[in-house]
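Enquirer: Per our numbering, numbering of the sequence shown is gapless, rising by one per residue and ending at 548.
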Amino acid sequence: MKKVRHRLGIGFDPRSPTGLMEHSKFGTRMERAFQNSFINKMFDIFIRASTNNHLLNIARGASGGKLTKFLKKALNLLLSGIDKILFKNIQKAKDAFLGRISGNKYRSVLGGYLWELIKKYIADWTYRQNNKIRVSPPVRKFALLEKTYKGWKRFRDKIQPNWNILPKEPKNIVKILPQDKLTPKERIERLIKGKETDRVGLGLSWNWGVPFMGGSNIWKFCYDGIETAWASVNVWARTGGADFLPIATGIGAYSIPIPDSHSRFFYKWSYPSDNKFPQFIEKELLHSYQDLFDHGMIGLTREITKRMIRDTFITLREIIYLGIVTSHYFGKYNKQFLPYASGLFAVWDILPFWRSMIPFMRDLKEIPEQVIEAFEFLNKPLTDAMIKICKLIDAKIALIGNSRGSNTFVSPEMFEDIFWPSMKYTFERCIENDIIPMCHLDNNWTENMVIFAEKLPKRSCVFHLDQVDLVEVHELIGDHFCLMGGMSPGLLVRGSPKQVENKAKHYIENIKEDGLIISSGCEFPANTPIKNVYALKKAVLKYGYF
3 MKKVRHRLGI GFDPRSPTGL MEHSKFGTRM ERAFQNSFIN KMFDIFIRAS TNNHLLNIAR
63 GASGGKLTKF LKKALNLLLS GIDKILFKNI QKAKDAFLGR ISGNKYRSVL GGYLWELIKK
123 YIADWTYRQN NKIRVSPPVR KFALLEKTYK GWKRFRDKIQ PNWNILPKEP KNIVKILPQD
183 KLTPKERIER LIKGKETDRV GLGLSWNWGV PFMGGSNIWK FCYDGIETAW ASVNVWARTG
243 GADFLPIATG IGAYSIPIPD SHSRFFYKWS YPSDNKFPQF IEKELLHSYQ DLFDHGMIGL
303 TREITKRMIR DTFITLREII YLGIVTSHYF GKYNKQFLPY ASGLFAVWDI LPFWRSMIPF
363 MRDLKEIPEQ VIEAFEFLNK PLTDAMIKIC KLIDAKIALI GNSRGSNTFV SPEMFEDIFW
423 PSMKYTFERC IENDIIPMCH LDNNWTENMV IFAEKLPKRS CVFHLDQVDL VEVHELIGDH
483 FCLMGGMSPG LLVRGSPKQV ENKAKHYIEN IKEDGLIISS GCEFPANTPI KNVYALKKAV
543 LKYGYF
C-alpha cells in the first residue's frame, strides 16, 4: 500500500473519499470542497507550526525574552474579556484552573491556563529532545470487522415500510415510525414535562457502536472525523432514525485540553486497532486535595506530546466537518429535534478519576469534608462557565454525568452528604436558566433516585439510567421524572429479538403513562446486532402509542 499523507495527518489513506456516502450523491464533492477550503488549509498550517521542531526550538530559546512577555500580556488581555462573560467569580475560577499559588500571576483565567499549557508543552518537548526520547506513533492493526448491520434493510422495511431519511418537504413532520403525529422535539419535550403525547420516546444512543453499525472501523472512528461523520449518518439510516439526532466523535472528543472526565491531557489511553477499542487507563494523578487547591487543574496535566497538540486541531476540524455533514442532511429539519445534550457537567467523575478508585473510596470514609470542599472548589466555576456557554449557543438540554456517586459504590446517605451539595448547585443553575438536565447516570442509581425526587422539582429533568430496572425505579418515584434507558447491554447483545421486545414491552406497560424513552443504558454496545435494535422499535410500534 502506498504511504501518503493522510487528510487528517495520521497513518494510511487507502481510500479517499471515504466510501461511506451511501445516501448522498454530493458526498464526494462535499469532502473535496472541505479538504480544499481555506479553513482546512489554516488547520494544516496550525498543525505543522505547532509541531515543528525548529519552531519549538525558537520558542524555547525565546522563553523569558521581551517578545514572550509581550505575548503573555497580550494573551491575558485578550482572554480576560471572555473570562468576564464565562465566570461569575473570576478569583474562584483562577483558583480552580490555576491554583491558589500561581493563579494571581495572571490577569485572565483562560489566558493563564493556555499559557501554562504552552509552557508545559515546550518543557516536555525539551526534556524529550535532551534525553533523545521518541514517542512512538500509533500503529494501525488491520483486523476483521463485525458486520452488526447485516440485514438492516430487510428489518427496516418490515418495521418502517417506505421510510426515508427525512421527508422531502421541511414543512412535513419527521416521522420516525409510520404512526407518528408529533415531531421528535415535541415528543421529547412533552415526555419530559409530563404532557400528553403520541407515543413513548425512542432514544437510540450510539457512540462506540457507530464504527460497526456504520460500516467503518474503530481506528477510523478514533482518528478520522470525516469518515466518522458519514458513518454516524449511516447508523441513522440503517436503524431507521430516532428521536435524537446522530452524533459521534470517537476518541477525538477526548483531545481537547480542558478538564474533562476523559481528556487525553489528563488521562492515558491505549491505542485502538480496527476492531479493538482504546482503553482508558485510570491511575492516581491527584495525591492530595491540597495539591489541587494549591496548583489547580493545570497542575494535573500529564506529559504533553506533539501528537496530542496535533490531535487537538484535528478534533476541532472534525467537529466542523461533522457539522457540515449533519447540516447537509438535517439542516432544514433541526427545529424538529432536540439534541441529546449540548453541554456537559461531570465534576463528580473528574475528581474521582483523578484520585483513582481505591484512594477516592477511602477518602469518602476517612476525609469526606475534603472531598466535599474539592467538589465545590471545581464545580462552581465549571458550572458557571458551562451555563454561559449553553446560553450563548441557545442550548435547551445539557448532560449531567456521574458514575462514582452511584449505589454501585456508595450508600444513599454518603451520596446525599458528599455528592449532592455540589450537584444541587448545578441542577439549580440549569433549571433557573431553562436548561433541561439530561442526567446520564452510569451504574446502579436505584436508591439515590429517591433523593433526586425529594430534592428536585417535578418534571424538571430526564434521567438516562444504566444498570437499573426502570420499573423498580418508577415504583419508588412515580411520575416525578421522565425515565430513559434501562435496557441491559448483555440483553441487547446476547438476547434474542423476542427477549428484547418483551423487556421493552415490560417497561412500556408499567411506565408509559408517566414519561418513558426507550433506550439502552448509557449507550448501545458496539456489537449490538441490528435485529435487536429493530426489536426495540417493534415494541414501541406495538405497545408504545397512546
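From the three backbone atoms N, C-alpha and C, an ideal C-beta is built for every residue, glycine too.
Since the model is a prediction, treat every value here as computed from it, not as a measurement.
When the Cα atoms are used, what is the spatial distance from GLU525 to ARG364?
Expert: Cα-Cα distance, rounded: 30 angstroms.
Enquirer: Using a Cβ distance threshold of 8 angstroms, determine whether the stretch 96-113 contacts the stretch 294-305, with at least three qualifying pairs required.
Expert: Output reads yes: the stretch 294-305 touches the stretch 96-113.
Enquirer: Measure the CB-CB distance between THR150 and ARG62 and report whether it falls below 7 angstroms.
Expert: Result no, Cβ atoms of THR150 and ARG62 do not sit closer than 7 angstroms.
Enquirer: By Cβ distance below 7 angstroms, which residues in the same chain neighbour ILE395 in space, the five residues on each side in sequence not counted?
Expert: SER344, listed in sequence order.
Enquirer: Fully enclosed by the stretch 294-374, which alpha helix (DSSP H) runs are 4 residues long or longer?
Expert: Runs of the alpha helix (DSSP H) inside the stretch 294-374: 308-332, 349-357, 359-368.
Enquirer: What is the DSSP secondary structure of LEU545, reduced to helix, strand or coil?
Expert: Sequence inspection shows Tyr at residue 545; the Leu mentioned does not correspond to that position. Residue state, collapsed to three classes: helix.
Enquirer: When DSSP builds the beta bridges, which residues end up paired with TRP271?
Expert: For TRP271, which the question treats as bridged, DSSP gives the partners PHE282.
Enquirer: From PRO499 to TRP238, what distance separates their C-alpha atoms?
Expert: Approximately 20 angstroms between the Cα atoms of the pair.
Enquirer: Could you pull the DSSP bridge partners for SER490 from this structure?
Expert: In DSSP, SER490 forms no bridge with anything.
Enquirer: Buried or exposed, going by whether 16 or more other CB atoms sit within 10 Å of the CB of GLY333?
Expert: It is exposed - the Cβ of GLY333 has fewer than 16 other Cβ atoms within 10 Å.
Enquirer: Measuring only the C-alpha atoms, how far is LYS457 from ASP419?
Expert: Between LYS457 and ASP419, the C-alpha separation is close to 13 angstroms.
Enquirer: Excluding the five sequence neighbours on either side, which residues of its own chain have a C-beta within less than 6 angstroms of the C-beta of GLY114, listed in chain order?
Expert: Closer than 6 angstroms at the Cβ level, and outside the excluded window around GLY114, lie LEU100, TYR108.
Enquirer: Between ALA541 and ILE510, which are expected to be in contact by the criterion C-beta below 8 angstroms, what is the C-beta distance as a whole number of angstroms?
Expert: That belief holds up - the Cβ atoms of ALA541 and ILE510 are roughly 6 angstroms apart, short of 8 angstroms.
Enquirer: To the nearest angstrom, how far is the alpha carbon of GLY211 from that of PRO531?
Expert: Cα-Cα distance, rounded: 10 angstroms.
Enquirer: Whose C-alpha, out of LEU494, CYS484, ILE322, GLN501, is nearest the C-alpha of GLU198?
Expert: Here the closest residue by C-alpha is CYS484.
Enquirer: Look up ARG50 in the DSSP assignment and say whether it is helix, strand or coil.
Expert: ARG50 falls in the helix class under three-state DSSP.
Enquirer: Tell me the residue span of the beta strand (DSSP E) that contains ILE67.
Expert: The question names Ile, yet the displayed sequence has Gly at residue 67. Per DSSP, GLY67 belongs to no beta strand (DSSP E) and is neither H nor E.
Enquirer: Spell out a yes or no on whether the stretch 339-353 and the stretch 366-379 are touching, meaning 3 or more CB-CB pairs, one atom from each, closer than 8 angstroms.
Expert: The answer is yes - the stretch 366-379 touches the stretch 339-353, with three or more Cβ pairs under 8 angstroms.
Enquirer: Name the DSSP beta bridge partners of ALA537, please?
Expert: DSSP, once it has assigned bridges, lists no residue as partnering ALA537.
Enquirer: Going straight from the alpha carbon of VAL235 to that of LYS426, what length do you get?
Expert: VAL235 and LYS426: Cα-Cα distance of roughly 37 angstroms.
Enquirer: Cα separation between LYS544 and ASP182?
Expert: Approximately 13 angstroms between the Cα atoms of the pair.
Enquirer: Would you kindly report the start and end of the unbroken beta strand (DSSP E) that includes VAL475?
Expert: Looking at the DSSP string, VAL475 is not in any beta strand (DSSP E); the run it does join, the alpha helix (DSSP H), is 472-479.
Enquirer: For the candidate residues HIS330, PRO361, ASP46, LYS390, whose alpha-carbon lies nearest to that of PHE315?
Expert: Ranking HIS330, PRO361, ASP46, LYS390 by Cα distance to PHE315 puts ASP46 first.
Enquirer: Just list the residues that DSSP pairs ASN277 with in beta bridges.
Expert: DSSP lists no partner for ASN277.
Enquirer: Near ALA537, what residues of its chain come up, given a Cβ to Cβ distance below 6 angstroms and the 5 sequence neighbours on each side ignored?
Expert: Answer for ALA537: PRO499, VAL502, GLU503, listed in chain order.
Enquirer: Might you give, ordered along the chain, the residues of its own chain that have their beta carbon closer than 7 angstroms to the beta carbon of THR608, omitting 5 neighbours on each side?
Expert: Absent from the model: residue 608. The displayed extent of the chain is 3 to 548, so no value can be given.
Enquirer: Quick one: any contact between the stretch 215-235 and the stretch 465-472, if contact means 3 or more CB pairs under 8 angstroms?
Expert: Not touching, per the Cβ criterion.
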